[in-house]
């Protein structure tokens, strides 16, 4: 195996010993003078205020068929969660231990599977919903940023058919560059083994490019933000 | 042009597909839907063109420092308990993966989409060794059931109608027929659920590999890769060495560009970075994480300084989606893992120039691919270069003669004039042989009328006016 | 201005009216035309087929003859792309590279010349028909031509312009491609004609006769109720 490593690296070094010229394309678009822009300046625009960012996140969430609810207080959040649980007839839920998830899920009075410290996956299969915290909400794309550390492992946010994210307003960030900066600031160098951007419920376009929700992951994504 | 078996097969398939008007309308309709959502998302960028320039620059630098980045990637992944394997070719890659599977005494394997897996015929090798492999991506699952190759490397089953999928499920799974796409999707969801939970090995691909942090990144919509990489005890990722990106923050640009160009989505449903097996304190996750780095002639492409930029490809499929050739011949006609313009560029390097040069020639060089490419690979010009390389290696004797004769004709205007006059005479008799085996212009006249030499050519008009 | 004209081989032989129209338009605007009769072909067929040495044999003559041209107007997007963009590539690393670059800087496709160089869009033309525009790929993607034909057509009296869906999609000519892969070429051409028919236009207009030659060939065989016409001929109709 080390042979293969040396072979491949050797081939690469030999290949790169011949310098290549960057191709010059002639298409009209390329003929515009390209002054280097930061990634932020290329990506979709995000306003500077919290209100603008919140509005953008809401707009994106709606387009993605994700249910976003702004809650005034934690009590309000718990009430919203209870209302969903009742409307959908939840019998059992899965969650992990954080301040937000603990209080909100306890109030439901349902059997709860805690993922912290390990769990039985067949038991999680029985759960109607996975309730997790998150690292950030990203206005630019309507995404929820989670990790295996912030969201109770890898499966909690993707196995149960309804994923509910409990977030705080302060977690709303503008854009993807900000989200990556947050990850690096929060975790480096001991990154969680999974970092994931969740953008809407699970979906597929594989059948005649027609959108269907809930292909393998959750059919429903709800974000309760206090 | 000399015809190799692959070229003959290509022409045969192309002849059938290009006459299939139902296929033509169906694919055109599907890709029209894509264009609408893609344009909507592109327009949201403050500058799509600047994004392309930035992405191209990052990938260019990455490819031109590939050895350093790969070493950094391996070091960082190993530091967190990941295992890195290097495979110089397809056989080595298969051996490595089979080795892991055997060592784990695996009984069930679940896969998310792995194009490099198709490239090395991984499934066949695993099945031959007696292992049960299930594709979890809906489109891949469908074509797996049909025992056919993916039609498009992003949308593997886009050539199939819901009726065909319904019939397939009824036949293979014994389910009731339905023409509701949601019901069909739910059938697959139910079947695959069990597979995720039972599988002891999950095999994934990777869209990107981050050198700075030793992570791989997977872009998907369904969540099947999330599950493939969450539940089984062993996670194996197979990826081409060119997938490297230098920095984690580069993903802030590449994830939305991949989503937009590939599927018309600003971000696809799940964009996930995996940096090791389960870490201490984590609730779940695989006990082992293996990444297999595949060369398989990528270094040969790297060694061609003119065509090196083809390794910038992020496999978004945008070039396929805009290619008028692809739209008319469909994905299977290419007869190889990578279809469309990028496939036509890299396949001669991966599988041999002389056997696959027909892919470079079967293009009108319209340039729509180059225009669409988010990392600005000069695709249609690379095809031109491949043609030149193929002919320089092995000219077609009668073509060479014809172009040499043509050069003489073109360089001597009186001869050219004479030629046109003779043409004027000849075309009076041509109708006798038009579109018959005797017609030298049959390639044209099979479907088109020949243009006529005018009663007075331009140069004759010019001479007469003096 | 003293304008040197490059007339593609297929216009010379089969579609002289396009070339004649260009001459008449430019002379009406007060310019003198030089037509180097020694030049017949830009070399693109050999180039596209991969025979670059054979291409150079033809192209070197073109370079030589046009060295002293003040300005070169090419009546074709594809030949225009060949001379302007591909000659420098073809002669890279040879003693002719500088000459190729120099010629490049003096090259214009016909519609580009009128609009961008001369600043002219109204030629006093009248063409009382409904037309749709096909954007030839080389002209559009290699030379950036898109607005110029449309601006010129906007200056034509009584002309109605309807845009077709997929105006920029390749019609399938592609030079030798049309003979090497005729089944694909034909399917693409049929797609282009179908798009044009949907507009209800009487004419498909383009600045590239090679594209139109392929489309007209299909139209004549299938007896489709639409015609093709070169942009210059429309602009020369009064």
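Residue numbers (my numbering), protein chains in the order written: chain A, 14 to 239; chain B, 97 to 562; chain C, 834 to 1071.
Where a beta carbon is used, it is the ideal one built from N, C-alpha and C, also for glycine.
Computed from a predicted model, the values in this text were never measured in an experiment.
| Asked | Found |
| --- | --- |
| 7 Å CB neighbourhood of residue 415/B in its chain, flanking five on each side removed | 436, 437, 438, 465, 468, 469 and 475 |
| Under 8 Å from the C-beta of residue 128/A: neighbouring residues of chain B | 379 and 380 |
| Under 8 Å between C-beta atoms of residue 360/B and residue 134/B | yes |
| Backbone CA spacing between residue 41/A and residue 982/C [nearest angstrom] | Here the model assigns residue 41/A a pLDDT of 47, short of 50, so the residue's position is not dependable, and the following value carries that caveat. One C-alpha to the other measures close to 16 Å. |
| Simplified DSSP assignment, three categories, for residue 23/A | helix |
| heavy atom of the ligand ATP below 7 Å from residue 128/B C-beta | This structure simply doesn't include the ligand ATP, nor any ligand for that matter. |
| Those residues which DSSP pairs with residue 904/C across a bridge | 836/C |
| Spatial distance of residue 988/C from residue 956/C (CA atoms) | 7 Å |
| Presumed contact (8 Å Cβ cut-off) between residue 1012/C and residue 539/B, rounded CB distance | 4 Å |
| For residue 342/B, the nearest candidate out of 214/B, 485/B, 178/B and 165/B (CA to CA) | 165/B |
| Where residue 527/B meets chain C, residues with beta-carbon distance less than 9 Å | Chain C residues near residue 527/B: none, gap ~13 Å exceeds 9 Å. |
| Bounding residues of the alpha helix (DSSP H) (the contiguous stretch that carries residue 214/B) | 211–215 |
| Cβ neighbours of residue 184/B in the same chain (closer than 8 Å, five flanking residues each side left out) | 391 and 392 |
| Supposed contact pair residue 126/A and residue 107/A - C-beta distance, whole angstroms, cut 8 Å | 4 Å |
| Continuous beta strand (DSSP E) assignments of at least 3 residues falling wholly in the segment 111–159 of chain A | 125–127, 142–145 and 149–151 |
| Partner residues on chain B for residue 138/A, Cβ-Cβ distance less than 9 Å | 289 and 293 |
| Contacts of residue 549/B in chain C (Cβ-Cβ under 8 Å) | 846 and 847 |
| Contact list for the segment 1027–1047 of chain C against chain B, Cβ threshold 8 Å | 1046 and 1047 |
| Interface residues of the segment 212–229 of chain B facing chain A [CB-CB below 7 Å] | none |
| Chain A within 8 Å of residue 372/B, Cβ atoms only | yes |
| Backbone secondary structure at residue 432/B - three-state DSSP | coil |
| Cβ of residue 177/A within 8 Å of any chain B Cβ | no |
| Minimum C-alpha distance to residue 136/A - residue among 204/A, 104/A and 203/A | 104/A |
| Short-range partners of chain A found in the segment 333–345 of chain B, where Cβ spacing is below 8 Å | 337, 344 and 345 |
| Residue closest to residue 878/C, alpha-carbon to alpha-carbon, out of 255/B, 562/B and 484/B | 484/B |
| Span separating the alpha-carbon of residue 365/B from that of residue 231/A | 10 Å |
| Per-residue contacts from residue 253/B into chain A (C-beta, under 8 Å) | 219 and 220 |
| Nearest-angstrom Cα separation, counted from residue 185/A out to residue 444/B | 48 Å |
| 6 Å Cβ shell around residue 875/C - same chain, five flanking residues per side excluded | 912, 915 and 916 |
| Where the segment 407–434 of chain B meets chain C: residues whose CB sits under 7 Å from a CB there | 420, 421, 424 and 425 |
| Nearest-angstrom beta carbon gap, residue 247/B and residue 428/B [assumed within contact, 8 Å] | 6 Å |
| Under 7 Å by beta carbon: chain B residues contacting residue 52/A | 150, 348 and 349 |
| DSSP beta-bridge partners of residue 385/B | 331/B |
| Neighbouring residues, chain C, relative to residue 469/B (Cβ below 8 Å) | What residue 469/B touches in chain C: nothing, since even the nearest Cβ is about 12 Å away. |
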